[in-house]
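What follows is a short report on a single structure.
Protein chains: 2
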Amino acid sequence: MQTLHVELGERRYPIFIGSDLNPQDLLAPYIFGQQVMIVTNTTIQPLYLEHYVKAVEALGKKVATCVLPDGEKYKDIQHLNLIFDALLEASFNRDCTVLALGGGVIGDMAGFASACFQRGVYFIQVPTTLLSQVDSSVGGKTGINHPLGKNMIGAFQQPQVVMADMAQLKSLPDRELSAGLAEVIKYALLGDESFLLWLEANMDGLVARDPDLLAEAVYRSCAHKARIVANDEKEQGERALLNLGHTFGHAIESYLGYGVWLHGEAVATGMVMAADLSQRMGWISVADLERTKKIIQRAGLPIVCPEIPLQDFLGYMAHDKKVLNGQLRLVLLKQLGQAIITKEFDVELMQQAIIANQTI
Amino acid sequence: MQTLHVELGERRYPIFIGSDLNPQDLLAPYIFGQQVMIVTNTTIQPLYLEHYVKAVEALGKKVATCVLPDGEKYKDIQHLNLIFDALLEASFNRDCTVLALGGGVIGDMAGFASACFQRGVYFIQVPTTLLSQVDSSVGGKTGINHPLGKNMIGAFQQPQVVMADMAQLKSLPDRELSAGLAEVIKYALLGDESFLLWLEANMDGLVARDPDLLAEAVYRSCAHKARIVANDEKEQGERALLNLGHTFGHAIESYLGYGVWLHGEAVATGMVMAADLSQRMGWISVADLERTKKIIQRAGLPIVCPEIPLQDFLGYMAHDKKVLNGQLRLVLLKQLGQAIITKEFDVELMQQAIIANQTI
Chain A
23 MQTLHVELGE
33 RRYPIFIGSD
43 LNPQDLLAPY
53 IFGQQVMIVT
63 NTTIQPLYLE
73 HYVKAVEALG
83 KKVATCVLPD
93 GEKYKDIQHL
103 NLIFDALLEA
113 SFNRDCTVLA
123 LGGGVIGDMA
133 GFASACFQRG
143 VYFIQVPTTL
153 LSQVDSSVGG
163 KTGINHPLGK
173 NMIGAFQQPQ
183 VVMADMAQLK
193 SLPDRELSAG
203 LAEVIKYALL
213 GDESFLLWLE
223 ANMDGLVARD
233 PDLLAEAVYR
243 SCAHKARIVA
253 NDEKEQGERA
263 LLNLGHTFGH
273 AIESYLGYGV
283 WLHGEAVATG
293 MVMAADLSQR
303 MGWISVADLE
313 RTKKIIQRAG
323 LPIVCPEIPL
333 QDFLGYMAHD
343 KKVLNGQLRL
353 VLLKQLGQAI
363 ITKEFDVELM
373 QQAIIANQTI
Chain B
23 MQTLHVELGE
33 RRYPIFIGSD
43 LNPQDLLAPY
53 IFGQQVMIVT
63 NTTIQPLYLE
73 HYVKAVEALG
83 KKVATCVLPD
93 GEKYKDIQHL
103 NLIFDALLEA
113 SFNRDCTVLA
123 LGGGVIGDMA
133 GFASACFQRG
143 VYFIQVPTTL
153 LSQVDSSVGG
163 KTGINHPLGK
173 NMIGAFQQPQ
183 VVMADMAQLK
193 SLPDRELSAG
203 LAEVIKYALL
213 GDESFLLWLE
223 ANMDGLVARD
233 PDLLAEAVYR
243 SCAHKARIVA
253 NDEKEQGERA
263 LLNLGHTFGH
273 AIESYLGYGV
283 WLHGEAVATG
293 MVMAADLSQR
303 MGWISVADLE
313 RTKKIIQRAG
323 LPIVCPEIPL
333 QDFLGYMAHD
343 KKVLNGQLRL
353 VLLKQLGQAI
363 ITKEFDVELM
373 QQAIIANQTI
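Sequences listed follow chains A and B, in order.
Just remember that this note's numbering sits 22 ahead of the position in the first sequence, which is counted from 1.
Just remember that this note's numbering sits 22 ahead of the position in the second sequence, which is counted from 1.
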């Protein structure tokens with residue numbers, strides 16, 4: 023097992039990364055009250071819920087559970103309210119802990135609920151997908167979607183501890199494994215060309231679910247993100263780099279309807295669009311763009327999206343949180359392994375990059 | 023005009039207290055983006071909304087409005103969502119400001135919405151009731167109710183500025199003026215016997231709405247609360263004293279149904295119960311208890327509540343946020359002008375104090 027610490031002063035917390043981890047031993051020091059609400063979904067429930075309920079009960083805690091339907095389309099205010107219902111029906115207090123057992127949707131919803139319930143209770147994350155292990159479990163961003171935009175309502179809420187168990191990835195569908203690899207590739211593209219080389223050497227093994235390779239990919243991705251987040255917890259600057267591919271990706275997800283494409287799939291094609299625009303801006307070469315597309319494709323991810331009317335695409339981009347004072351900012355690539363956030367881009371070229379990476 | 027600063031380090035903010043204040047001049051330095059959402063209710067809308075819309079537009083800002091129905095019973099997740107709808111329909115960004123124009127309910131909802139929208143935008147409060155001027159506009163507590171408990175879902179969100187205009191109290195119904203005086207009396211009872219003497223000397227003038235007396239009462243109450251909040255922003259200790267009367271009061275409000283009794287009315291009777299228990303514990307005298315009842319009664323407030331089955335009353339108290347590790351803590355009076363928070367009280371005497379202050 024490897025341990026990575028996210029350095030946030032008083033709210034410093036560890037991420038445990040390994041296989042067949044023991045929740046009872048690992049979580050014991052991080053549960054402060056007597057009540058634990060485990061939030062999970064209908065897919066995870068039959069696989070892992072009982073194991074965690076028993077582990078936490080063995081610590082002498084009162085455990086209650088809240089099982090939500092599985093999918094991004096349920097990441098809304100109505101389903102968030104079900105967590106509040108469960109907490110209040112169990113008479114849970116300000117010293118309770120909300121434990122998220124599931125992927126990014128469960129982490130976002132349980133985390134946001136823990137931030138709001140009684141104006142803030144304790145939070146623990148057990149991410150069960152590759153995507154949430156490398157991305158949504160690090161950094162404290164939680165929230166829900168709104169019909170007019172993704173992740174528009176939420177809070178910054180840091181967990182007490184994160185436990186990423188590679189053994190849980192065995193049950194992950196191929197499509198979701200690939201979606202997780204999209205975020206892994208993102209870290210390489212935005213800040214670490216040597217990691218990109220490592221991914222190019224090991225992508226076949228990752229897709230074949232070699233547990234050691236997966237653990238290494240999770241560790242390196244989390245280390246990248248943890249360092250960026252520690253520098254910029256509230257997303258005033260550097261942290262915005264983590265949105266590489268996301269402004270384009272959000273438009274794709276929003277247009278298609280939440281849950282039609284996986285978040286990682288939309289980010290994958292979004293990264294292609296960002297790289298394409300970077301090439302049109304003259305920052306990266308055509309060969310770099312092809313290299314970007316290639317590693318994304320080898321991870322089993324889409325590099326083009328369905329045709330979306332340009333006005334719709336731009337409308338959804340304008341709703342993105344990266345808009346500041348009405349000015350759209352994009353994360354682009356100065357070179358492979360070095361992203362920048364900028365409002366200095368050619369709108370005409372951006373439109374070309376969007377259109378060029380759609381099926382006709 | 024008097025100005026009071028709430029000292030919270032980086033999030034230090036001023037409260038302007040006076041009559042016929044000029045919003046354009048006073049708010050200008052505290053609006054950072056280009057977009058302002060004014061949240062108000064149907065009662066305030068015809069009285070003051072246009073005035074504020076024009077003042078903010080005169081600053082060159084884009085203004086949108088969200089008008090909610092008036093009343094505590096609408097302080098729920100469905101009506102909170104209407105604010106998110108309005109923000110997204112107006113395409114507002116992360117640099118927008120949410121301005122609460124109304125009483126405590128509007129302040130709580132607009133404040134909570136501003137804390138969650140895009141994971142946090144700017145917030146300004148213009149409290150239009152005495153209650154919200156002395157209480158809910160200071161301290162950063164925001165939130166909504168749940169059918170199983172009051173203020174169970176929320177966030178700590180500090181405003182950029184608070185503007186308390188005594189001229190707006192002219193339109194306040196008598197019952198709401200009294201409800202505001204309940205919180206004013208609370209500050210006297212919990213920490214300042216000289217303020218209690220001042221209230222005993224000036225209560226008739228306050229009830230007659232003498233603007234200078236009201237401004238003085240608001241200033242002294244806010245100063246008390248500001249000092250306590252600055253010491254204990256996240257309610258780890260001293261701040262819990264501000265809940266004098268609230269644990270009993272929440273039970274009354276919850277049982278009767280939100281909005282049947284005003285919050286201040288429930289707190290008034292709750293303070294009588296707290297004082298009654300304090301007397302039964304031998305901490306204050308029978309004369310002190312009578313003095314407490316007298317000042318509450320002179321403010322036009324109820325000192326007894328309708329009959330509530332004891333088990334129901336205790337059940338609602340158990341849902342109160344002051345419960346820590348399953349242990350109920352109460353704010354009681356060691357003497358008039360000196361409150362303490364304690365779990366060391368006689369449950370039997372507490373039940374007597376509840377029953378003694380109900381109509382039979």
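A virtual CB, placed ideally from N, CA and C, is assigned to each residue, including glycine.
DSSP three-state assignment for H341/B, whether helix, strand or coil | coil
Go ahead and pull the three-state DSSP assignment for T269/B.
-> helix
For C138/A, go through chain B and note every residue whose CB falls closer than 7 angstroms to its CB, in chain order.
-> Per Cβ cutoff of 7 angstroms: I175, G176 and A177.
Rounded Cβ spacing between L203/A and L152/A (contact assumed at less than 8 angstroms) = 7 angstroms
Using 8 angstroms as the Cβ pair cut-off and three pairs as the minimum, do the stretch 123-140 of chain B and the stretch 167-177 of chain B touch?
-> yes
Determine which residues of the stretch 359-371 of chain A have a Cβ less than 7 angstroms from any Cβ of chain B, and write them out in chain order.
-> Going along the stretch 359-371 of chain A in chain order, one finds no residue with a Cβ nearer than 7 angstroms to chain B.
Does DSSP put P294/A in a helix, a strand or coil?
-> Just to set this straight, residue 294/A is Val in the shown sequence, not Pro. If DSSP states are grouped into helix, strand and coil, V294/A belongs with the helices.
In whole angstroms, what separates the C-alpha of A309/B from that of V294/B?
-> 13 angstroms
Selection from V28/A, I325/A and L371/A that minimises the alpha carbon distance to V160/A = V28/A
Are the stretch 119-126 of chain A and the stretch 51-63 of chain A touching by the rule of at least three beta carbon pairs closer than 8 angstroms?
-> yes
Under 9 angstroms between beta-carbons, which chain A residues line up against F106/B? List them in chain order, please.
-> I99, H168, L170, M174 and I175
Could you name the residues of the same chain whose beta carbon sits closer than 7 angstroms to that of R302/B, not counting the 5 residues immediately before and after it, in chain order?
-> L371, Q374 and A375
Report all residues from its chain with a CB closer than 8 angstroms to the CB of V326/A; omit the five preceding and five following residues, and keep chain order.
-> Within the same chain, T291, V294, N379, Q380 and T381 come within 8 angstroms of V326/A by CB-CB distance, once the 5 residues on both sides are set aside.
For K163/B, return the contacting residues in chain A, with the cut-off set at a CB-CB distance below 9 angstroms.
-> Within chain A, the residues near K163/B are R141.
Comparing alpha-carbon positions, which option in A245/B, N253/B and P45/B lies nearest E72/B?
-> P45/B
Determine whether the Cβ of N253/A lies closer than 7 angstroms to any Cβ atom of chain B.
-> No, no contact with chain B.
Going by CA-CA distance only, name the one from Q319/B, K316/B and V240/B that's closest to T150/B.
-> V240/B
From this set, F270/B, G55/B and D368/B, which residue's C-alpha is nearest G21/B's C-alpha?
-> Missing from the structure shown is residue 21/B; chain B here goes from 23 to 382 and no further.
How big is the Cα-Cα spacing for K192/A and E329/B?
-> 59 angstroms
Three-state secondary structure (DSSP) of W305/B = DSSP places W305/B in coil when its eight states are reduced to three.
May I ask you to list, following chain order, the residues of the stretch 111-128 of chain A that have a beta carbon less than 9 angstroms from some beta carbon of chain B?
-> E111, S113, N115, R116 and D117
Establish whether the CB of N265/A and some CB of chain B are separated by less than 7 angstroms.
-> no
Member of P181/A, L170/A and V156/A whose CA lies at the smallest distance from the CA of T164/A = P181/A
As assigned by DSSP and simplified to three states, the class of C88/A = strand
Could you tell me the boundaries of the alpha helix (DSSP H) in which P149/A lies?
-> Run containing P149/A: none in the alpha helix (DSSP H); it sits in the beta strand (DSSP E), Y144 to P149.
Taking the Cβ atom as the reference point for each residue, do L278/A and A201/A lie within a distance shorter than 7 angstroms?
-> no
Using a Cβ-Cβ distance under 7 angstroms, would N103/B count as near chain A?
-> yes
For the alpha helix (DSSP H) containing L211/A, list its first residue and its last residue.
-> D196 to G213
What residues of chain B sit near H341/A, judged by a beta carbon separation below 8 angstroms?
-> L110 and S113
Could you pull the start and end residues of the alpha helix (DSSP H) that Y74/A belongs to?
-> Note, Y74/A: alpha helix (DSSP H), E72 to E79.
Give the DSSP bridge partners of M185/A, in chain order.
-> F38/A
Report the option in A273/B, R231/B, D214/B and D232/B whose CA atom is closest to the CA atom of R249/B.
-> D214/B
Based on the DSSP output, what are the partners of V353/B in its beta bridges?
-> DSSP output for V353/B lists I363/B as bridge partner(s).
Expected contact under 8 angstroms - CB spacing of M185/B and L90/B to nearest Å | About 20 angstroms separates the two Cβ atoms, so there is no contact after all.
Inter-residue CB distance, A340/A and L266/A (contact presumed, cutoff 8 angstroms) | Not a contact, Cβ separation roughly 19 angstroms.
How would you write the range of the alpha helix (DSSP H) that Q57/B sits in, first residue to last?
-> No alpha helix (DSSP H) holds Q57/B; the beta strand (DSSP E) holding it covers Q57 to N63.
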